[in-house]
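So the sequence lines, in the order shown, correspond to chains F and H.
Going by full-length UniProt numbering, the first residue of the first sequence is number 1, and it counts up by one from there.
Going by full-length UniProt numbering, the first residue of the second sequence is number 1, and it counts up by one from there.
Positions of the beta carbon are idealized from the N, C-alpha and C atoms, including for glycine.
Read the structure below first, then the notes.
Protein chains: 2
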Amino acid sequence: MKLTVIKIGGNVIDNPDACAAFLKAFAQLQGPKILVHGGGKIATQTAAKLGIETQMIDGRRLTDRPMLDVVTMVYGGLVNKNLVAQLQANDCNAIGLTGADGGIIRSVKRPVKTIDYGFVGDIEEVNSGQIDALLLSSLVPVIAPLTYSREGLLLNTNADTMASATAVAMAERYETNLVYCFEKKGVLSDPDDDEAVIPTLNPASYAAYKESGVIYKGMIPKLDNAFAALQSGVKRVIICHADDLIMASEGKAGTVLDLT
Amino acid sequence: MKLTVIKIGGNVIDNPDACAAFLKAFAQLQGPKILVHGGGKIATQTAAKLGIETQMIDGRRLTDRPMLDVVTMVYGGLVNKNLVAQLQANDCNAIGLTGADGGIIRSVKRPVKTIDYGFVGDIEEVNSGQIDALLLSSLVPVIAPLTYSREGLLLNTNADTMASATAVAMAERYETNLVYCFEKKGVLSDPDDDEAVIPTLNPASYAAYKESGVIYKGMIPKLDNAFAALQSGVKRVIICHADDLIMASEGKAGTVLDLT
Chain F
1 MKLTVIKIGG
11 NVIDNPDACA
21 AFLKAFAQLQ
31 GPKILVHGGG
41 KIATQTAAKL
51 GIETQMIDGR
61 RLTDRPMLDV
71 VTMVYGGLVN
81 KNLVAQLQAN
91 DCNAIGLTGA
101 DGGIIRSVKR
111 PVKTIDYGFV
121 GDIEEVNSGQ
131 IDALLLSSLV
141 PVIAPLTYSR
151 EGLLLNTNAD
161 TMASATAVAM
171 AERYETNLVY
181 CFEKKGVLSD
191 PDDDEAVIPT
201 LNPASYAAYK
211 ESGVIYKGMI
221 PKLDNAFAAL
231 QSGVKRVIIC
241 HADDLIMASE
251 GKAGTVLDLT
Chain H
1 MKLTVIKIGG
11 NVIDNPDACA
21 AFLKAFAQLQ
31 GPKILVHGGG
41 KIATQTAAKL
51 GIETQMIDGR
61 RLTDRPMLDV
71 VTMVYGGLVN
81 KNLVAQLQAN
91 DCNAIGLTGA
101 DGGIIRSVKR
111 PVKTIDYGFV
121 GDIEEVNSGQ
131 IDALLLSSLV
141 PVIAPLTYSR
151 EGLLLNTNAD
161 TMASATAVAM
171 AERYETNLVY
181 CFEKKGVLSD
191 PDDDEAVIPT
201 LNPASYAAYK
211 ESGVIYKGMI
221 PKLDNAFAAL
231 QSGVKRVIIC
241 HADDLIMASE
251 GKAGTVLDLT
């Protein structure tokens with residue numbers, strides 16, 4: 001049985017028209033599927049309106065108690081529930097979840113080393129049996145980037161990591177594809193040419209592209225994580241534009257990563 | 001099979017210690033159970049911080065678009081997810097839901113007559129089969145006071161009404177008790193004596209208490225709704241203090257309403 005785990009970034013969520021088009025395509029996607037969403041700019045905007053300052057280190061949000069409440073409101077409430085309601089209107093039986101709901105994704109509060117990230121979670125366990133029970137009820141999980149600890153804390157958690165951890169855990173039960181939707185058409189061989197999509201990557205070609213400097217900087221951690229997911233049992237990772245979801249899920253758009 | 005549907009009001013949610021004690025008791029309650037929660041003062045406080053004015057008519061919140069976003073954030077996110085995380089820490093496998101999640105409670109936007117309540121929902125259908133599928137997976141639904149329309153709108157919805165509609169729908173499948181937890185020990189025969197709890201009410205004694213003026217004003221719509229739920233198949237309605245949940249669920253505290 002095939003399963004598709006799709007991660008959608010904040011840039012799509014921030015654009016109502018792009019988001020509506022994406023959700024329509026997502027609703028049409030056949031077979032069991034899971035959506036993991038990021039947060040977008042609404043958390044930062046809402047925090048600002050509430051007089052709470054956003055502090056980022058290396059692209060990661062420092063999450064003190066007031067900021068935790070903001071991301072719980074925005075990711076777990078505003079964003080998640082609007083995605084679910086729109087999917088319902090597209091005849092997709094979505095169910096919005098954080099890691100706490102059904103205990104599907106448990107984490108530990110990140111230990112303080114040089115930086116105290118605050119209420120940020122490092123994933124410890126994905127309850128694939130519970131997620132599978134929802135899929136077997138024909139539900140479509142829509143997962144917000146929040147997890148929980150044994151102590152009952154909610155914890156802000158990276159959406160990319162939640163998507164790959166979920167895909168890895170589900171790969172024990174399903175032939176699992178992991179699709180990252182973002183603002184580019186795939187991994188590009190020329191950062192200035194949006195059409196220069198590398199159609200496929202395997203460990204050997206990835207190493208060669210890194211060696212030659214074609215793939216560099218920001219894409220490297222993302223792709224390293226993608227190959228780690230493949231090493232852990234995920235069948236295929238696809239990196240594509242949110243507009244190309246259906247085509248990409250059929251292997252006809254975006255960059256397809258596998259171990260072949 | 002027995003099912004308990006419990007409604008908890010905003011006054012308990014607003015008090016962290018009372019809420020923690022309530023959740024501990026709720027987690028210990030045996031058998032399938034559903035929690036429906038109100039909003040508390042946090043929505044009004046959050047709206048005020050965001051510069052959004054709260055307007056109430058007859059105790060009901062007018063819900064324009066900015067206020068809808070606030071209640072979606074607060075009820076669906078902050079309140080619901082914190083309840084879920086705390087229940088998980090109490091070994092209760094809670095799953096937080098709005099009416100949109102799994103399509104469990106669908107409504108229509110209230111038609112404008114003399115007053116435009118805005119994005120407020122009147123319940124049209126409870127999907128008891130979907131709720132039952134969650135219960136059969138040993139999940140404990142925790143329901144926020146939001147529903148959705150066929151068009152994909154989220155709608156602010158009265159928590160008391162959601163609790164009774166859920167109990168009525170589930171009564172086709174379970175022997176269902178509906179427990180309203182609030183700040184008094186039950187229906188009082190003397191409003192100035194918090195210990196003067198009327199232990200039982202049936203339609204005849206309720207009529208007599210109303211006739212004599214012992215039960216009046218604010219309690220009447222609440223009790224009328226409770227008797228309507230009994231007429232629609234709910235086995236028992238219990239009105240009790242949140243501190244007395246376990247005792248009340250065993251019929252040893254609060255006011256027990258039935259049709260005997």
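From residue i to residue j, what distance separates their C-alpha atoms?
{"i": "H:Leu-50", "j": "F:Ala-85", "result": "24 Å"}
{"i": "H:Leu-188", "j": "H:Lys-222", "result": "13 Å"}
{"i": "H:Ala-204", "j": "F:Asp-91", "result": "46 Å"}
{"i": "F:Gly-96", "j": "H:Thr-166", "result": "19 Å"}
{"i": "F:Ala-208", "j": "F:Ala-21", "result": "36 Å"}
{"i": "F:Ile-104", "j": "F:Gln-130", "result": "6 Å"}
{"i": "H:Ser-128", "j": "H:Leu-135", "result": "10 Å"}
{"i": "F:His-241", "j": "H:Asp-101", "result": "27 Å"}
{"i": "H:Gly-254", "j": "F:Ala-133", "result": "37 Å"}
{"i": "F:Ser-138", "j": "H:Asp-58", "result": "41 Å"}
{"i": "F:Gly-31", "j": "F:Val-126", "result": "21 Å"}
{"i": "F:Ala-43", "j": "F:Met-56", "result": "13 Å"}
{"i": "F:Thr-114", "j": "H:Leu-78", "result": "30 Å"}
{"i": "F:Phe-26", "j": "F:Asp-192", "result": "29 Å"}
{"i": "F:Met-170", "j": "F:Cys-19", "result": "26 Å"}
{"i": "H:Gln-17", "j": "H:Lys-24", "result": "One detail in the question is off: residue 17 of chain H reads as Asp in this sequence, not Gln. Answer to the nearest angstrom: the Cα atoms are 11 Å apart."}
{"i": "F:Asp-194", "j": "F:Gln-231", "result": "29 Å"}
{"i": "F:Asp-244", "j": "F:Thr-4", "result": "15 Å"}
{"i": "F:Asp-224", "j": "F:Asp-160", "result": "12 Å"}
{"i": "H:Ala-229", "j": "H:Val-168", "result": "6 Å"}
{"i": "residue 329 of chain F", "j": "H:Ser-212", "result": "The first residue shown for chain F is 1 and the last is 260, placing residue 329 of chain F beyond what the model contains."}
{"i": "H:Leu-87", "j": "F:Thr-98", "result": "14 Å"}
Are any of the Cβ atoms in chain H nearer than 8 Å to that of residue i?
{"i": "F:Val-126", "result": "no"}
{"i": "F:Val-84", "result": "yes"}
{"i": "F:Lys-41", "result": "no"}
{"i": "F:Asn-158", "result": "no"}
{"i": "F:Asp-101", "result": "yes"}
{"i": "F:Gln-88", "result": "yes"}
{"i": "F:Arg-150", "result": "yes"}
{"i": "F:Val-108", "result": "no"}
Can you list, in chain order, the residues of its chain whose CB lies under 6 Å from that of residue i, leaving out five sequence neighbours each side?
{"i": "H:Glu-183", "result": "Asn-11"}
{"i": "H:Ile-6", "result": "Leu-35 and Val-179"}
{"i": "H:Leu-68", "result": "Phe-119"}
{"i": "H:Gly-40", "result": "Gly-10, Ile-13 and Asp-14"}
{"i": "F:Arg-110", "result": "Tyr-117, Val-120 and Asp-122"}
Is there a Cβ of chain F sitting closer than 8 Å to that of residue i, yes or no?
{"i": "H:Lys-24", "result": "no"}
{"i": "H:Arg-65", "result": "no"}
{"i": "H:Met-162", "result": "no"}
{"i": "H:Glu-53", "result": "no"}
{"i": "H:Asp-69", "result": "yes"}
{"i": "H:Ile-8", "result": "no"}
{"i": "H:Asn-93", "result": "yes"}
{"i": "H:Ser-137", "result": "yes"}
{"i": "H:Leu-259", "result": "no"}
{"i": "H:Met-170", "result": "no"}
{"i": "H:Gly-77", "result": "yes"}
{"i": "H:Gly-96", "result": "yes"}
{"i": "H:Thr-166", "result": "no"}
{"i": "H:Thr-72", "result": "yes"}
{"i": "H:Ala-154", "result": "With the sequence shown as reference, residue 154 of chain H is identified as Leu, and Ala is not the correct amino acid for it. H:Leu-154 counts as touching chain F."}
{"i": "H:Lys-2", "result": "no"}
{"i": "H:Ser-245", "result": "Sequence check: residue 245 of chain H is Leu here, not Ser. Answer no: the Cβ-Cβ gap between H:Leu-245 and chain F never drops below 8 Å."}
{"i": "H:Lys-252", "result": "no"}
{"i": "H:Leu-29", "result": "no"}
{"i": "H:Ala-48", "result": "no"}
{"i": "H:Leu-35", "result": "no"}
Which one or two residues does DSSP pair with residue i in a beta bridge?
{"i": "residue 261 of chain F", "result": "Because chain F here runs from 1 to 260, residue 261 of chain F falls outside it and cannot be looked at."}
{"i": "F:Pro-66", "result": "Its beta-bridge partners do not exist; DSSP assigns none."}
{"i": "H:Cys-181", "result": "H:Ile-8 and H:Cys-240"}
{"i": "F:Pro-141", "result": "F:Ile-95"}
{"i": "H:Met-56", "result": "H:Arg-61"}
{"i": "F:Leu-75", "result": "Here residue 75 of chain F turns out to be Tyr, not Leu, going by the sequence shown. The partner list for F:Tyr-75 (beta bridge, DSSP) is empty, contrary to what the question assumes."}
I'd like the list of long-range same chain contacts for residue i, defined as Cβ closer than 7 Å, with 5 residues on each side in sequence excluded.
{"i": "H:Pro-66", "result": "Ile-52"}
{"i": "H:Ala-248", "result": "Val-179, Ile-238, Cys-240 and Gly-254"}
Leaving out the 5 sequence neighbours to the left and right, which residues in its chain are closer than 8 Å to residue i when beta-carbon positions are compared?
{"i": "H:Lys-210", "result": "Tyr-216 and Ile-220"}
{"i": "H:Ala-226", "result": "Ser-164, Leu-178, Tyr-180, Val-237, Ile-239 and Leu-257"}
{"i": "H:Asn-202", "result": "Leu-257, Asp-258, Leu-259 and Thr-260"}
Count Cβ pairs between the segment 229–239 of chain F and the segment 169–181 of chain F that sit closer than 8 Å; are there 3 or more? yes
Contact between the segment 142–157 of chain H and the segment 114–125 of chain H is defined here as three or more beta-carbon pairs at a separation below 8 Å; is this criterion met? yes
For the segment 34–42 of chain F and the segment 140–150 of chain F, state whether three or more C-beta atom pairs, one from each stretch, are separated by less than 8 Å. yes
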